[in-house]
Amino acid sequence: MRKPIMAGNWKMHKTIAESVDFVSKVKSNVSDVKDCEIVVCPVFTALKSVADAAKGTNVCIGAQNMHWEEKGAFTGEISPKMLLDAGCKYVIIGHSERRQYFGETNETVNKKMLSAFKHGLVPIVCIGETLAEREKNITFDVVGKQVKEGLAGLTGNQSSEVVIAYEPVWAIGTGKTASPAQAQEVHEFVRKTFTEMYGKDAAAKVRILYGGSVKPDNVSELMKQPDIDGGLVGGAALEVDSYTKLIKFQR
Ligand code: PGA
522 MRKPIMAGNW KMHKTIAESV DFVSKVKSNV SDVKDCEIVV CPVFTALKSV
572 ADAAKGTNVC IGAQNMHWEE KGAFTGEISP KMLLDAGCKY VIIGHSERRQ
622 YFGETNETVN KKMLSAFKHG LVPIVCIGET LAEREKNITF DVVGKQVKEG
672 LAGLTGNQSS EVVIAYEPVW AIGTGKTASP AQAQEVHEFV RKTFTEMYGK
722 DAAAKVRILY GGSVKPDNVS ELMKQPDIDG GLVGGAALEV DSYTKLIKFQ
772 R
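If you read the sequence shown in the working numbering, its first letter stands for residue 522, the second for the next number, and so on.
Now the structure itself:
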């Protein structure tokens, strides 16, 4: 059985004080939750304070991006070692906003993913097609390439530990969720592609999250799909009430 993950991607929102306040409230709301991994991904400046506030609880911390190098002359970047130092367990890699606005490619995604593992972080690798790609009927080509190139080169346990997030770009922040059937179709395809790369055992263990306008009122239907193992959530993870509801979705 794959343990679901409900990850909140806060994007460029919340000050340190707001982030700590949020986590302090959520951690008491969800202290009884054992059957779902809870991950919050604040901005870099709030990581350490949020990690301290969540210490000893079932709330884990993730970063939203990183550089693949450990240190060096890379002004404005942050390294996997620094994320670990701040208390992170997870790191989101290749979010579509990073691909769209900051030039990330399957190649940089791959470098970052391998570096995350090398330093002891668990990468959450994002994939997904744009609206134009879906309308051209090339969703499987695009997503297949993202999986084959972005997720190449995993060794040993890494191939069952990596987390994948399928986020159709047209569903992010738009209020347009993929229907559970549309999402399942791609999740199944991703797991099949992953099986070809790493074999049945790893593919049966790897967790594939869905992202794109996940809300308390659609989370349960999405989570009923056999290949959906959790959510990567933006907007609805910014409010304590809705994020709590997402974590406690109707099983
Ligand atoms: P959304 O964002 O839930 O606001 O659509 C999801 C994401 O970008 O990870």
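We put the CB at the ideal spot given by N, CA and C, even for glycine. As the structure is a computational prediction, the values presented were derived from the model and not from experiment.
(1) If you scan the segment 716 to 770 from start to end, which runs of the beta strand (DSSP E) of 3 or more residues do you find wholly inside it?
(2) Grab the span of the alpha helix (DSSP H) containing ILE537 for me, first residue to last.
(3) Cutting at 7 angstroms between CB atoms, please list the residues of its own chain near PHE595, excluding the five before and the five after it.
(4) Is the separation between the beta-carbon of ARG728 and that of VAL668 shorter than 7 angstroms?
(5) Kindly provide the ranges of any alpha helix (DSSP H) runs that are 4 or more residues long and lie completely inside the segment 596 to 626, ordered along the chain.
(6) Report yes if the C-beta of SER734 is less than 6 angstroms from at least one heavy atom of the ligand PGA; otherwise report no.
(7) Between the beta-carbon of ASP662 and the beta-carbon of HIS708, is there less than 7 angstroms?
(8) Give me, in chain order, the residues of the same chain whose beta-carbon lies closer than 7 angstroms to that of VAL776; leave out the 5 immediate sequence neighbours on both sides.
(9) So within the segment 638 to 701, which uninterrupted alpha helix (DSSP H) runs reach at least 4 residues, ignoring any that extend past its ends?
(10) Quick check: does the Cβ of GLY751 come within less than 6 angstroms of any heavy atom belonging to the ligand PGA?
(11) For GLY615, is the classification buried or exposed, using 16 other Cβ atoms within 10 angstroms of its Cβ as the cut-off for buried?
(12) So, with DSSP's three-state summary, where would you put GLU558?
(13) Specify whether the segment 724 to 739 and the segment 755 to 772 touch according to this definition: at least 3 beta carbon pairs, one from each stretch, less than 8 angstroms apart.
(14) ALA584 by DSSP, collapsed to three states: which one?
(15) Hey, how far is the Cα of ASN579 from the Cα of LYS657?
(16) Contact defined as beta carbons within less than 8 angstroms: I believe LYS610 pairs with LEU642. What is the distance between those atoms, to the nearest angstrom?
(17) Would you list the residues sitting across from ALA594 in a DSSP beta bridge?
(18) Is ILE613 near CYS581, with beta carbons less than 7 angstroms apart?
(19) Tell me, please, whether the CB atom of ILE749 is closer than 7 angstroms to any CB atom in chain D?
(20) For a test of your reading of the model: does the CB of VAL754 fall under 6 angstroms from any non-hydrogen atom of the ligand SAH? Yes or no.
So, from the data block:
(1) 728 to 732, 751 to 754, all fully within the segment 716 to 770.
(2) The residue given as residue 537 occupies position 16 in the sequence shown. In the DSSP annotation of this structure, the continuous segment of the alpha helix (DSSP H) that includes ILE537 starts and ends at 537 to 550.
(3) Residue mapping note: residue 595 aligns to position 74 of the sequence shown, counting from 1. Excluding its 5 nearest sequence neighbours in each direction, PHE595 has C-beta neighbours in its own chain below 7 angstroms: HIS588, listed in chain order.
(4) Numbered from 1 along the sequence shown, position 207 holds the residue referred to as residue 728. Numbered from 1 along the sequence shown, position 147 holds the residue referred to as residue 668. If you check the CB distance, ARG728 and VAL668 do not come in under 7 angstroms.
(5) Assignment of alpha helix (DSSP H) within the segment 596 to 626, counting only whole runs of 4 or more residues, yields 601 to 607, 617 to 622 in chain order.
(6) One-based indexing of the sequence shown puts residue 734 at position 213. Within the cutoff, so yes.
(7) Reading the sequence shown from its first residue, position 141 is the one you call residue 662. Reading the sequence shown from its first residue, position 187 is the one you call residue 708. The answer is no: Cβ separation not under 7 angstroms.
(8) Here the chain has residues from 522 to 772 only, and residue 776 is not among them.
(9) DSSP assignment within the segment 638 to 701 yields the following whole alpha helix (DSSP H) runs of 4 residues or more, N-terminal first: 652 to 656, 660 to 671, 679 to 682.
(10) For the purposes of this step, residue 751 is taken as residue 230 along the sequence shown, with counting starting at 1. No, the ligand PGA has no heavy atom inside 6 angstroms of this Cβ.
(11) Along the sequence shown, one-based indexing puts residue 615 at 94. By the Cβ neighbour-count rule, GLY615 is buried, with 16 or more other Cβ atoms within 10 Å of its own.
(12) Counting from 1 along the sequence shown, the entry for residue 558 is found at position 37. Correct three-state label for GLU558: strand.
(13) Verdict: yes, contact present.
(14) Counted from its first residue, the sequence shown places residue 584 at position 63. Here ALA584 sits in strand by DSSP.
(15) If you number the sequence shown from 1, residue 579 lands on position 58. If you number the sequence shown from 1, residue 657 lands on position 136. Their backbone Cα atoms lie some 42 angstroms apart in a straight line.
(16) As a working mapping, residue 610 is identified with position 89 in the sequence shown. As a working mapping, residue 642 is identified with position 121 in the sequence shown. The Cβ separation is near 7 angstroms, so the contact holds.
(17) What you label residue 594 is simply residue 73 of the sequence shown in a count that begins at 1. Answer is none; ALA594 lacks a bridge partner.
(18) Position 92 of the sequence shown, counting from 1, holds the residue named residue 613. Position 60 of the sequence shown, counting from 1, holds the residue named residue 581. Result no, Cβ atoms of ILE613 and CYS581 do not sit closer than 7 angstroms.
(19) In the structure shown, chain D does not exist; there is a single protein chain.
(20) For the structure depicted, the ligand SAH is absent and the ligand set comprises only the ligand PGA.
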